[in-house]
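As you go down the protein sequences, you meet chains A and B in turn.
Heads up, the numbering used here is the position in the first sequence plus 7, with the first residue counted as 1.
Heads up, the numbering used here is the position in the second sequence plus 4, with the first residue counted as 1.
For each residue, glycine too, the CB sits at the ideal point set by N, CA and C.
Since the structure comes first, as C-alpha cells, the remarks are kept for the end.
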Amino acid sequence: MNDRWTTDHVLSLAPDAASQKAAAKLSRPTPWAQTGASAEAVWGACKGSGSRPYQTVVALDGPAYHCSCPSRKFPCKHALGLLLLWSSGALAGEGAAQSAGAVAPGAAAVAGPAVAAVAPDWAESWLAGRRERAGRAAAAAAAAAAAPDGDGGSSAPAAGPARDEAAAAARRARRETRVAAGAEELLTRLADQIRGGLAEAPARGYAFWDGVAARMVDAQAPGLASRARDLGALPASGAQWPTRLLEEYAMLHLLATGCRRRETLPAPLAATILSRVGFTVDNAEVLRAGPLVRDQWLVLGSRDTADDRLTTRRLWLRGAGSGRDALLLSFGRPGIAPELSLPTGLELDAELAFHPAVPVLRAALGTRHSAPTRPSFARPRGVSIDDALGSYAAALAGDPWLDSWPTVIADATPVPTEGGWQLVDATGAVPLFAPSPWRLLAASAGRPLTVFGECGHRGFHAVTCWTDAGPLAL
Amino acid sequence: MTTSQAPWTDLVEDALLGTNRRASPDLLGRAAAATVARRAGLRPAPAPPLPEPAPQDCRPALPEAAARRLATLLAENSSELLPQWLGTARARGFAAPPELLPALLDAARQRSDLRSDAVVVAGPRGRWLSALNPDWRYVLRIPAQETAAGSEPPTATGTAADAVWQEGLFAERVTHLTRLRRADPAAGLALLRTTWPTERAEDRLLFLDALQEGLGPDDEPFLEAALSDRAKNVRATAAELLSTLPGSGLAARMAERARRAVALGTDGALLVDPPALCDASMLRDGIAATSPTGRGDRAFWLGEIIAATPLSFWAELVEEADATQVPQRVLSRAAAPTWSDELREGWARAAVRQHDAAWARALLAERPEQVLGRAVSGGAPSRLLSVLPAAERAAWTARFVSRQGLADAFQLLVTCAAPWPADLSGAVLDALAQAAETGSYPWSHSGVLGVAERSLPCSAAARIDALAAVASSAWAEVLTRLAETLRTRAAMLAELA
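Below, the structure written as C-alpha cells:
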C-alpha cells in the first residue's frame, strides 16, 4: 500500500468547510460496511438514511471519486469520510477494537473479514472502467508520439484539423479586436478619473468600477476586469489609500498601454501581457507544445482562494534536479473541489511544461511517474529575507505587475508586534501574513525555522513551514 | 529606496487634485515607473526585538494516531470525547503537538471545563504562547501544576522563593504556597504570615483555601485569628477549616453548643432544643445571625452547629465504643419528626467535611427508605457518596438506579468514577432499556446519556447495539450514537497508550 494520506491532506480535498464537517461525522467505523483498500483504491458502503447504502470508491492516483449518493458536492462527504477513516488507520483493521467496529451493527451477521483486499463488484466495475480509459489514453498518446504532426506520410485526413485551426484563428482575431477596444475604453476611463482627481474616488463607491469591470468582461478581458473591480474597494482600504489607489491606477494604465503596444514589445513581455489581460493557454496545449521537464518535484505548498464564482487552488513545486520553481493552478466551481491536489512536503516524479510568459513560473502537470513519496532531505533550501526581496525584484523585471514571488526563506522567526506580525531574520524584517500566524508561532516556539510563501511588496504570505517534525501546511 | 520619495508625494498630490486643476504630463506613466521602482527596491525593515524562545518541553510527543485524533476532536469541538482525551493525555504525560496548540487553547478558552487539563497538556510551550496572545491570558491565571512526567520546575527555594512570593503573579503565588504546604506545612504558614495583613480580601480567601493542603493543629492559632478578619468570606472559610480540625478550640466550642442543644432522653431518643439566639461567640465562630434560607433561624443555627461539631462527640453521647456502630445508634435515636431533618442534614455536612465514611454509609443506607425526592433535591446523597470508596459508591448508585430508575440519578452517576464497574453499567443499561421500552423521550435523559457516554466501558457497546436493534427510531439513533462513542473512545484510549 502506498503512503497513507494525512488527515490534513484528505481534508484539503473537500470542496468547502461544511463538507469537512460532514465528512468528519462519517469518519467512524459504524456506518461503513464492505470496506477495503488496495494500492489502487479505497472503497466502502455507507449506511445513510435510505434503505440502500451508498457505494463509494476512491481511486488514489487521481484522486478520482465515485459514489452512488445524489450529492452535488464533489467529492461528496462519503468519499471524504471514507478517506478519513482510511487515513486514520481504522479501515485496515489495526487493533481488535477497530476491526470489531468496522462492521456495522446491521452487517454483523454477514460479517466475514471486515476489510477486503479484493474490491466488491460495484467498486471493481468502476475501477476497471477507469483502467480501460487510462489504457486507451496512453495508447493514443503513444501513437501520437510515434507519428509526429506534419509528417507527409500520415494517412489521416489533413483537411479537418486545418479547418479547425482556421476557425480558431478567426475566433482569436475577433477576441483580440474586442480586447483592444476594451483596453482603449479602460485608458479613457482612467484618464477621465485622473482629470477629475482621485479625491472624488471615495464618494464614487464600488458601482463605477463594477460597471467598467462588466464592460471588460464583455470585451473578453477578464484580467482587466478583475483589476478594474479591485480599484473600487481601494478608497475604503484605510490609511494611505491614495498611495495604493494611485499605484493600482498606474499599474492598470501600464497594462492597458502595454496591450495597445503589444506588437512592438519583445515576445516574452507580450506573452506576459496577454496572460495578464486574460488570454490563457490551455494546459493541454502547453503540454503538447513542450518542452517537458521531468524532475523530482517537491510540493512546497498549496493555497485555495475563493470568490462567489470560483475556487482557485495554487500549488507550488520545486524541482530537485532543475532547481526550478513551478506554479500549478486548478479551479473549481463552488461546492466542487479543484481537481488537482498534491500532498505538501512530499515529492513526485513527474513531467511539467511551463506556460509561455516571463518570468517562467506557471506550469501544466503532465505524466506522473510515481506516487508522492517522502523526500530524502528534511527541508528545502532557503534564502534570507533580503535575498527573497531580491528575487521578487528580479521577477518584477520580467513582469512588473507581479505582487509577489514564491520563495523559501530559511532561519526566520515569526514575531507578533504591536504593528502586526513580522517575519524576522539576520537581514531584517518583513510584514508576515498567514491564515493562522499563531500556528506558525507555535511551530517555531520562538526559534528560527524554514518557511515557504509568497514574498512581495505587501510582505510575506506564509504557506508552509518546516520544523524538526517535518512540513506543516499553515 | 528613498530617491522616489519626494516625487511620489508630488504625484499623489497631483492625482488627488486632478489634472484639470493642475497639469501633470503623463502622470500615470510616471506613477507606474515610481511604483515598480519602489517595489523592486524594497529592503527588509529593521528587525523588532525577538521574544525569548519557549522553554524546551521534554515530554514525549503524541503517537501519530493520537495527534490525528486530537486534531479531529478539536475540529469537531467534541463535547463528549475531548475532556477524556485531554485527561488521559495529561495523566500519561504526553505533550500536545505544537501546531495544535492554538486550536487547543481556543477550545479551552470557550470551555472552562477543559482548562486545567488543556493547560497541562499544552505544557511550557502553551504557557509561553499564552503570554503573547491576550485571548489566552486565562492560561496564566491557572497555577502550574505537577504533571505525571514532572515537567514543571521544582519549587523555588531561598531568595528565588521570596521573589516569587513578593513579586509573582497571583496564580504563581498560589502555586508556590500550595507546593510549599505539601512539602513543609509550617514553612508555608510562616510564609503566608509574612504578608497576610497586606493582602487583598479576595486573595486572602484563596490563600486560606490553599491551607487545606497539609492542614493540621499547628494552623489553629492562625485560623483562630482569621475568625476576626475584616472580610466575611474569610471568616466563614476560617471557621470551616477549623471545624475540620477535630482537636481545635472551635470544634470544642461547637461540641459544647451541640451538648446544650441535643441530649439523650430517658427513653433513649434524642431530645433537641436548638439555641434561642445567636450570641457573639457563635457569630465569631462563623454562624450567621439570621437564616439565609427561608427556614427558621433556630433550625438554621442547629444545622450550622451540628455540621461543625466533631462526629466523635456523638460516640460520647451514646456511649458507644465501636466507631462503626455509632452512626447507626445515633440515627436510630433521631427518628422523631421534630428537628430530624436538620440533624440529618448537619450530620451529612459534617461527614463530608470530616471525610467520615462510616457516617456517610449510615446516612446513605437510610435514603432509599426515606422520602427520596426531598433528599435527592438537597444534593446531599451525591456529596455523601463522594466520601465513600469508589467501588462502594458505584454499588450504592447501582442499587439506587435499579430501584428508582434514571430520573433522579444524574447527580449520583456524576460522582462515580469512569469506567463504571459491571454492576453499575448493568443497572444503567437495564434502566435505559426500560426507558426505551416505555416510550419516554430520549432527550429527557440527555444528562444521563451524556455521563454514560463518558463512563460506560467499551464492553457495553455490544449490548447497546442489541437494545438499538429493537428500539423505536428516536431511541435507536441515540443508542447507536452511544455505542459508536464508546467504540471510538476505546480506539482513542488505545492510541494514547
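| query | result |
| --- | --- |
| Arg482/A: buried (16+ other C-beta within 10 angstroms of its C-beta) or exposed? | The shown model of chain A, from 8 to 481, leaves out residue 482/A, and the question about it has no answer. |
| Note down, in chain order, every chain B residue with its Cβ under 7 Å from the Cβ of Leu241/A. | Correct list: empty, because the minimum Cβ distance to chain B is about 13 Å. |
| Can you name, in chain order, every residue of its own chain whose Cβ lies under 6 Å from the Cβ of Ala312/B, other than the five neighbours on each side? | Ser247, Met258 |
| Check the C-beta distance from Ala66/A over to Glu47/A and give it rounded, since I have them as a contact under 8 Å. | 6 Å |
| Taking DSSP as the reference, what is the three-state secondary structure of Cys266/A? | helix |
| Determine whether the Cβ of Glu254/A lies closer than 9 Å to any Cβ atom of chain B. | yes |
| Taking Leu261/A as the reference, which of Leu31/B, Pro296/B, Thr270/B has the closest Cα? | Leu31/B |
| If we ignore side chains and look at the alpha-carbon of each, how far apart do Leu20/A and Gly69/A end up? | 11 Å |
| Looking at the C-beta of Ala449/A, does it have a partner C-beta in chain B at a distance below 9 Å? | yes |
| CA-CA distance, Ala476/A and Gly453/A? | 15 Å |
| Throw me the rounded Cβ distance for the Val431/A and Leu54/B pair, which I believe falls under 8 Å. | 6 Å |
| Is there a Cβ from chain B that is less than 9 Å from the Cβ of Ala229/A? | Note on residue identity: the sequence assigns Pro, not Ala, to residue 229/A. No - not a single Cβ of chain B is within 9 Å of the one on Pro229/A. |
| Can you tell me whether Val367/A is helix, strand or coil according to DSSP? | coil |
| Assuming Thr199/B is part of the alpha helix (DSSP H), what are its boundary residues? | 189 to 199 |
| Is any beta-carbon of chain A found at less than 9 Å from that of Thr92/B? | no |
| Using only alpha-carbon positions, find the residue among Gly204/A, Arg211/A, Ile280/A, Ala144/A that is nearest to Ala187/A. | Ile280/A |
| Which ranges does the beta strand (DSSP E) cover as unbroken runs of at least 3 residues, wholly within the region 387 to 461 of chain A, from first to last along the chain? | 411 to 424, 427 to 432, 435 to 440 |
| Using DSSP bridges, identify the partner residues of Glu354/A. | Leu305/A, Thr380/A |
| 9 Å is my cut-off, CB to CB: does Lys80/A come that close to chain B? | no |
| Which residue wins for smallest C-alpha separation from Leu497/B, given the options Gly269/B, Gly127/B, Phe98/B? | Phe98/B |
| Is there contact here, the region 432 to 440 of chain A with the region 38 to 50 of chain B, by at least three beta-carbon pairs under 8 Å? | yes |
| Just verifying my parser: in three-state terms, what is the DSSP assignment at Ser282/A? | helix |
| Does any C-beta atom of chain A lie closer than 9 Å to the C-beta of Pro157/B? | Bear in mind that the predicted position of Pro157/B carries a pLDDT of just 45, short of 50, making it unreliable; the figure below should be weighed with that in mind. Taking Cβ atoms only, chain A never reaches closer than 9 Å to Pro157/B, which makes this a no. |
| For Arg538/B, report the span of its beta strand (DSSP E) as first-last. | Look at the range of chain B in this structure, 5 to 501, and you will see that residue 538/B is not part of it. |
| Assign Trp447/B to one of two classes, buried (16 or more other C-beta atoms within 10 Å of its C-beta) or exposed (fewer than that). | exposed |
| Tell me the DSSP secondary structure of Trp351/B in three-state form. | helix |
| Please determine, among Ser295/B, Ala70/B, Gly290/B, the residue with the shortest C-alpha to C-alpha distance to Asp233/B. | Gly290/B |
| What residues are listed by DSSP as bridge partners for Ala337/A? | First, the amino acid is wrong: residue 337/A is Ser here, not Ala. Per DSSP, Arg320/A. |
| Please decide whether Thr474/A counts as near chain B, where near means a Cβ-Cβ distance under 9 Å. | yes |
| Cutting at 6 Å between CB atoms, please list the residues of its own chain near Tyr399/A, excluding the five before and the five after it. | Trp412, Cys462, Gly463 |
| Let me confirm a value: Gly189/A is counted as buried when at least 16 other C-beta atoms fall within 10 Å, else exposed. Which label applies? | buried |
| Closer than 8 Å by beta-carbon distance: list the chain B residues that pair up with Ser443/A, in chain order. | Pro106 |
| Return helix, strand or coil for His359/B, following the three-state DSSP convention. | coil |
| Since Thr471/A sits in a beta bridge, which residues does DSSP pair it with? | Phe459/A, Ala480/A |
| Ala58/B versus chain A: which residues are under 7 Å apart at the beta carbon? | Ala452, Gly453 |
| Kindly identify the DSSP beta-bridge partner or partners of Trp169/B. | According to DSSP, which records beta bridges pairwise, Trp169/B is partnered with nothing at all. |
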